[in-house]
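The listed protein sequences correspond, in order, to chains A and B. The numbers in the numbering used here rise by one with no breaks, and the one at position 156 of the first sequence is 156. The numbers in the numbering used here rise by one with no breaks, and the one at position 137 of the second sequence is 321. Backbone N, C-alpha and C fix where the C-beta goes; we use that ideal spot for every residue, glycine too. The structure under discussion appears below in the form of structure tokens.
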Amino acid sequence: MSNKRYAMVLDTRKCIDCKACTVACKAENHVPLGRENYRNWVMEEALRGRYPNLGQEFTPGQCMHCANTPCKRVCPTKATGVNADGIVTVENKKCIGCKYCMTACPYNARYYNEEIGAVDKCTFCEHRILTGREPACVETCPTRVRVFGDLNDPNSEVSLLLAKHPHRVMKPEMGTKPYLFYLI
Amino acid sequence: MSFATVIPKRPGEMLWFGLLCLGMMAGAVGVVQVLIHGHDHVYNVSREIPWGILISTYVFFVVSSTGLCLVSSLGDVWGFEKFAIIGRRGHLLALLTLVTGFGTMAMELNHPIRMGLYAIISPNFTSAIWWMGALYGFYMVCLIVEFTSLMRGWTRLAFWSGLAGFFAAITAHSNLGAVFGLLEARHFWYGSYMPIYFIVSALASGAALTVLIVYFNHKARGIEMPPVYQEFMYTMGKLQALFLGILLFFVVWKIIPGLYGQPPEKYETTMAWITGPLAFNFWFFELGLGILIPLIIVANRRTRTVFGVMIAGLLSTIGIFFMRYDLVIAGQMVSMRPEAVEGASHGLIHYFPSFTEIGIVIGALCLCLFLYSLAERVFDLEGGHRH
Ligand code: SF4
Ligand code: SF4
């Protein structure tokens, strides 16, 4: 069986900032309580226009599962790795808590999880996709902002969306080659 | 190794050791706090600023170590006879600052013991932190061998270990600069500036500490400074004028590209450093105490006295401590996701060390001074000339 290249495509125009994805993720992945502990987030972009003609967009984000991975590069003990399907992982028992990866990630996607004693971040819900389910944030999103799938399959929904629509990635100038794509 | 008999019991000595013990107790309380409550509850580091004052103090210690090693190798390795008199003391303090530095860093790591294991069985050769451990480890071995050889009078071994230590110091320390300099995400740090700057500032740090050792060593014993040491102080004063001049040059050229054209993130950081939350640290401690005042003292023939050179060294050392702090904190102050940080003004994130963090820093500084003062009593550190 050939490897997958998992990716997520987000249509931010549909996002209503309900933060259901953050809640679902916290519950699914046992993210400890606390304002600083989260694997995904929703960013409130600046207001556009002038009253009464206003507009605003909300941009959800999480670990971008970069192809050129600064967090993996700097990790002294190879606790951070990339699996065959492109998912960036952390092996808890190897993490020494140096937080180098946290300073290296341009998206602030990582936090230190005191409960598991290691740095934690989005795993694309690896445990769920292994059993054929979608990541919790994708499943829960009420307006279907998020689409998850395999870019190595040209007929997957993510491949089709990217073929059809122009899109962007976050901080392309960092050269991290992220695998979270935002439709324009 | 003979027990020194020259140290008279002075009343000031009891006070000195008493103060150091108090400081170490503050550190011990901090360490106990961490062990009981965990990092999260007693440190002020955060998701956005994961490296705090413990890391900057670690940097301060290892910069000191490198500087001491470089300056004191001038005698034993490079044959500048004048410097041979501080060979033993310089290398000893280099070793002690390195060890206390490691201790301080271990307090910031969540799993220092895990590190020992996985750094060996699962090394990542692209990680500057992995190299930092390996190179500083090697450097520490060199220092131990060098110090032992100097004490035993094994001149050949002292030379070769000193030479190895000299290069290890440069490699390890420029690599420490690279720990910051290789982070593309952090515009203020990224680039080749950091490894070079770390070496240059180590020289100023080492020179400052060297004159402090020489001065207080005589002061504590209540003995007149012999002419050879006085001569040494004058030389160090001149040398320090050069080092501080170079350091000033580096500071100026850190600032100008940070402002010119307002490069994103670099500009905000530079402004935070020189006009924002770190401005007092910068103007008063870094520039005033750390560079300008000492530079004026040591550059002026009339103030370049034994006492003047010592004061300059003391001020520089204090200033350099803040230089490390500002450098480490400033680099993380600009948020990676400015819109997302509640309470962040202009996208800047704030950090101020907690009592526990400050306690551990005081404890570490006192521990280092305590170990050194103790070593002065136990070892015969006079001499260090090549026999
Ligand atoms: S988003 Fe951050 S944590 Fe995720 S792969 Fe990229 S650099 Fe690593
Ligand atoms: S904190 Fe853990 S995962 Fe991150 S670089 Fe250090 S060891 Fe690796």
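Here the alpha carbon of B:I220 sits roughly 26 Å from the alpha carbon of A:T103.
Where B:G274 is concerned, the enclosing alpha helix (DSSP H) starts and stops at 271-292. When the beta-carbon positions are compared, B:E541 and B:L238 come within less than 8 Å of each other. For A:A104, the nearest CB of chain B lies under 8 Å from its own CB, placing it at the interface with that chain.
Rounded to whole angstroms, A:V138 and A:L151 show a C-alpha spacing of 16 Å.
Not a single C-beta of chain B is nearer than 8 Å to the C-beta of A:E57.
Distance from the CA of B:P441 to the CA of A:V145, rounded to the nearest whole angstrom, comes to 41 Å. Cβ-Cβ separation between B:F267 and B:L258: approximately 4 Å, consistent with a contact (criterion under 8 Å). The Cβ neighbour count for B:Y444, taken over all protein chains shown within 10 Å, is under 16; the residue is labelled exposed. Within chain B, the residues whose beta carbon sits less than 9 Å from that of A:Y107 are A369, M520, R521, listed in sequence order. By alpha-carbon distance to B:G349, the top candidate from B:F322, B:L423, B:F464 is B:F322. Shown here, A:Q62 sits in a strand according to DSSP, grouped into three states. Neighbours of B:A312 across chain A, judged by C-beta separation under 9 Å: V74, P76, Y100. The contact set of A:K94 on chain B, defined by CB atoms closer than 8 Å, consists of R298, Y302, S306 in chain order.
At a threshold of 7 Å, A:C98 counts as near ligand 2, since its beta carbon sits closer than that to one of the ligand's heavy atoms. Relative to ligand 2, A:C95 has its C-beta within less than 7 Å of a heavy atom. In terms of beta-carbon proximity, A:E114 lines the interface with chain B, with at least one pair separated by less than 8 Å. In the structure shown, the three-state DSSP call for A:A79 is coil.
Here the C-alpha atom of A:K78 lies approximately 40 Å from the C-alpha atom of B:L204. Using a 10 angstroms sphere on the CB of B:Q516, the tally of other CB atoms reaches 16 or more, which defines it as buried. Ordered along the chain, residues surrounding ligand 1 are A:C63, A:M64, A:H65, A:C66, A:T69, A:P70, A:C71, A:V88, A:C105, A:Y107, A:A109, A:R110, A:K121, A:T176 [Cβ under 6 Å from any heavy atom]. Cβ-Cβ separation between B:L327 and B:S333: approximately 11 Å, too far for a contact (criterion under 8 Å).
With distances taken between CA atoms, A:M174 lies nearest to A:Y107 out of A:Q62, A:T12, A:Y107. Secondary structure note for A:W41: its beta strand (DSSP E) is the uninterrupted segment 40-44. Here A:G117 really is in contact with A:N92; their C-beta atoms are around 7 Å apart, less than 8 Å. Scanning its chain for C-beta atoms nearer than 6 Å, with the 5 sequence neighbours on each side dropped, one finds around B:A290 the residues P296, in chain order. The beta carbon of B:V518 is closer than 7 Å to those of E449, E452, T453, G531, L532 in its chain, skipping five residues each way along the sequence. For the region 23-45 of chain A, the residues whose beta carbon sits under 7 Å from a beta carbon of chain B are, in order, E36, W41, M43, E44, E45.
Around the Cβ of A:T176, a 10 Å sphere holds 16 or more other Cβ atoms; the residue is buried.
Excluding the 5 residues flanking it on each side, A:R48 has same chain C-beta neighbours closer than 6 Å at G55, in chain order.
Here the alpha carbons of A:E44 and A:T140 stand approximately 20 Å from one another.
Annotation for B:A268: no beta strand (DSSP E) segment contains it, and DSSP assigns it neither H nor E. The DSSP-derived three-state label of B:M420 is helix.
Here the alpha carbons of B:R336 and B:H371 stand approximately 48 Å from one another. Within chain B, the C-beta atoms nearer than 7 Å to that of A:Y111 come from R231, in chain order. Look at the region 77-89 of chain A: the residues with a C-beta under 8 Å from a C-beta of chain B are T77, K78, A79.
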